[in-house]
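Protein chains in written order, with the working numbering: chain A, 305 to 517; chain B, 305 to 517.
Heads up, the beta-carbon is just placed ideally off N, CA and C, and yes, glycines get one too.
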DNA sequence: TCGCTATTGTGAACGCCGTCCACAAGTTCT
DNA sequence: AGAACTTGTGGACGGCGTTCACAATAGCGA
């Protein structure tokens with residue numbers, strides 16, 4: 305009669321890898337409800353541990369959220385890489401470079417629609433001013449989402465599609481367009497748009513970027 | 305010795321217009337810290353009233369937030385209208401239509417940078433699926449931000465700059481680009497970009513939209 | 001004018017949250 | 001084996017949103 309409802313179910317006093325467990329629980333929470341849903345107490349509950357235990361691994365809820373955010377960013381990078389990997393092999397290098405950029409864009413949008421909670425979490429506010437030197441938010445290629453986009457643009461220049469004069473800062477423009485659409489569909493006035501419609505607008509948006517860059 | 309620190313300073317038992325007072329306080333809070341900062345108890349405190357009193361006017365914190373959001377959206381519309389009003393008078397109708405669209409975009413961006421808290425609040429999640437039939441989020445012209453953009457695009461078509469075939473859904477594309485830049489600069493990887501740089505990217509972004517639409 | 005009634009603010013409470021403190025149970029090093 | 005460090009516990013605090021019962025007022029019909 306020891307195991308009634310929720311005895312931590314942990315044989316050892318130490319947890320083993322509480323930090324990971326908390327991040328995983330946090331990711332699950334974020335997946336379901338965005339950044340606000342990653343609640344420290346709930347994460348510890350899921351890890352079978354008392355709330356304070358979290359403070360041995362994170363100095364505050366913000367810091368846990370930061371770790372979850374990195375994980376979300378990494379998931380985004382993986383989604384983009386997956387989209388890239390699904391590309392048919394080359395014909396014309398210019399076409400290939402274009403397809404590359406497009407894959408980046410559609411991968412981004414797909415992830416936003418498939419994992420809205422994680423996507424929102426990935427871009428929740430308190431990002432440190434420091435650059436992208438965080439080794440946790442990258443994908444398999446070792447690049448974070450921003451760097452993946454940059455690489456696609458570089459290929460576009462190399463293929464002669466994008467004049468070098470317009471290369472500088474081009475990631476800001478492309479990113480803005482795609483990110484904006486994602487946000488508007490997720491949180492904004494375009495919420496509840498049918499997935500098919502969203503996809504078609506996404507296509508047109510990529511057209512616009514390609515043409516206007 | 306009645307008025308020591310914070311005696312509600314209210315002579316009548318009734319407040320007069322508590323609903324307005326709460327919204328105003330909420331707007332002030334949102335201005336300073338975005339949607340999460342609009343805290344029901346703090347708003348009532350500022351209105352010199354006990355927390356529960358709010359429930360006579362809003363059924364929940366969400367509903368108060370909704371009212372604040374409408375106010376923020378309205379402020380955005382006004383900012384866009386102001387930008388539009390500052391336009392020099394016509395030369396070529398095509399140029400004028402283009403300038404119009406540009407004013408919409410830069411007004412949007414300017415507002416986002418000048419009032420980040422309000423801007424973020426305007427696009428906080430729980431918007432009702434119903435359309436824009438809310439009379440509180442419009443500007444002086446009676447149009448909400450989305451409708452203002454639509455009007456600018458219509459003028460573009462009327463001036464023969466934008467082929468009618470590409471008109472449908474064009475607001476989604478233009479809005480996405482500008483909204484995305486605003487989000488990236490406010491919350492995303494572009495945070496802390498110098499205002500001058502931001503402005504210049506904004507210009508290039510508008511170029512891209514104009515060219516790519 | 002008086003009293004009824006609907007409205008609007010009050011008081012006290014509940015449960016949840018993040019966070020802090022002092023303490024206990026293991027682990028690791030010597 | 002014992003000291004010193006790490007990691008989880010127990011209990012507490014204040015703040016939050018929200019609920020219920022109650023009090024003060026305003027507006028109205030008689």
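field: Cβ of residue 423/A within 7 Å of any chain B Cβ
entry: no
task: Would you check if there are 3 or more beta carbon pairs closer than 8 Å linking the segment 353-364 of chain B to the segment 321-332 of chain B?
output: yes
task: Could you check the C-alpha separation between residue 468/B and residue 399/B for me, to the nearest Å?
output: 17 Å
field: Through-space distance from residue 329/A to residue 314/A, alpha-carbon basis
entry: 16 Å
message: Under 8 Å, with one C-beta from each stretch per pair, do the segment 487-506 of chain B and the segment 498-508 of chain A reach the 3-pair mark?
response: no
message: Considering just the uninterrupted stretch of the alpha helix (DSSP H) at residue 451/A, what are its terminal residues?
response: 449-462
message: For residue 401/B and residue 463/B, which I take to be in contact (beta-carbon distance under 8 Å), what is that distance rounded to the nearest angstrom?
response: 4 Å
- request: Pick out whichever of 351/A, 342/A, 384/A, 381/A has its Cα sitting closest to the Cα of residue 365/A.
  value: 342/A
Member of 326/B, 494/B, 458/B, 461/B whose CA lies at the smallest distance from the CA of residue 474/A: 494/B
- request: Quick one: measure Cβ to Cβ for residue 381/A and residue 440/A, integer angstroms, because I've assumed they're closer than 8 Å.
  value: With 8 Å as the limit, residue 381/A and residue 440/A do not qualify as a contact, their Cβ atoms being about 11 Å apart.
message: Under 7 Å, CB to CB, which of the residues in the segment 490-507 of chain B have a partner in chain A?
response: 491, 492, 493, 494, 495, 496, 505
Any chain A beta carbon closer than 7 Å to residue 481/B: yes
- request: For the alpha helix (DSSP H) containing residue 522/A, list its first residue and its last residue.
  value: Because residue 522/A is not part of the residues shown, which for chain A are 305 to 517, the question remains open.
CA-to-CA distance, residue 455/A to residue 435/B, given in whole angstroms: Low confidence applies to residue 435/B: its pLDDT is 46, below 50, so where it sits in the model is not reliable, and the reading given next is rough at best. Whole-angstrom Cα-Cα distance: 40 Å.
Alpha-carbon spacing of residue 338/B relative to residue 425/B, whole angstroms: 5 Å
query: Does the beta carbon of residue 344/B come closer than 7 Å to any beta carbon on chain A?
result: no
Min CB distance residue 427/A to chain B below 7 Å: yes
query: What does a CB cutoff of less than 6 Å around residue 491/B pick up in its chain, not counting 5 residues either side in sequence?
result: none
message: Please report the straight-line C-alpha distance between residue 481/A and residue 488/B, rounded to a whole angstrom.
response: 10 Å
query: Nearest to residue 377/A by alpha carbon, out of 461/A, 443/A, 318/A, 516/A?
result: 443/A
query: Thinking C-alpha only, which one of 385/B, 383/B, 403/B, 384/B is nearest residue 392/B?
result: 403/B
message: DSSP three-state label for residue 443/B, please.
response: coil
message: Taking 7 Å as the threshold (C-beta atoms), are residue 384/B and residue 409/B in contact?
response: no
message: Please identify the residue among 510/A, 505/A, 465/A whose C-alpha is closest to the C-alpha of residue 397/A.
response: 465/A
query: What residues in the segment 460-485 of chain B have a beta carbon less than 8 Å from any beta carbon of chain A?
result: 473, 476, 477, 479, 480, 481, 482, 483, 484, 485
message: If distances are taken between C-alpha atoms only, which option among 479/A, 395/A, 429/A, 415/A comes closest to residue 450/A?
response: 479/A
- request: Following the continuous alpha helix (DSSP H) through residue 483/B, name the residue where it begins and the one where it ends.
  value: 474-490
message: Taking the alpha helix (DSSP H) that residue 517/B belongs to, which residues open and close that run?
response: Note, residue 517/B: premise wrong, no alpha helix (DSSP H); not H, not E.
message: Just to confirm, is the Cβ distance from residue 421/A to residue 484/A under 7 Å?
response: no
message: Strictly under 7 Å for the Cβ-Cβ distance: is residue 384/B near chain A by that measure?
response: no
query: Got a sec? Which residues, its chain only, sit under 7 Å from residue 344/A by beta carbon, not counting five neighbours each side?
result: 355, 358, 365, 368
- prompt: For residue 390/B, is the classification buried or exposed, using 16 other Cβ atoms within 10 angstroms of its Cβ as the cut-off for buried?
  reply: exposed
- request: Could you tell me which of 427/A, 505/A, 470/A sits nearest to residue 471/B, measuring between CA atoms?
  value: 505/A
task: Output the distance between the C-alpha atoms of residue 460/B and residue 516/B, rounded to the nearest integer angstrom.
output: 14 Å
- prompt: Hey, residue 521/A and residue 331/A: beta-carbon distance below 7 Å or not?
  reply: Given that chain A is displayed from residue 305 to residue 517, the structure contains no residue 521/A and the question cannot be resolved.
message: Here's the rule: buried if 16 or more other CB atoms are within 10 angstroms of the residue's CB, otherwise exposed. What is residue 387/B?
response: buried
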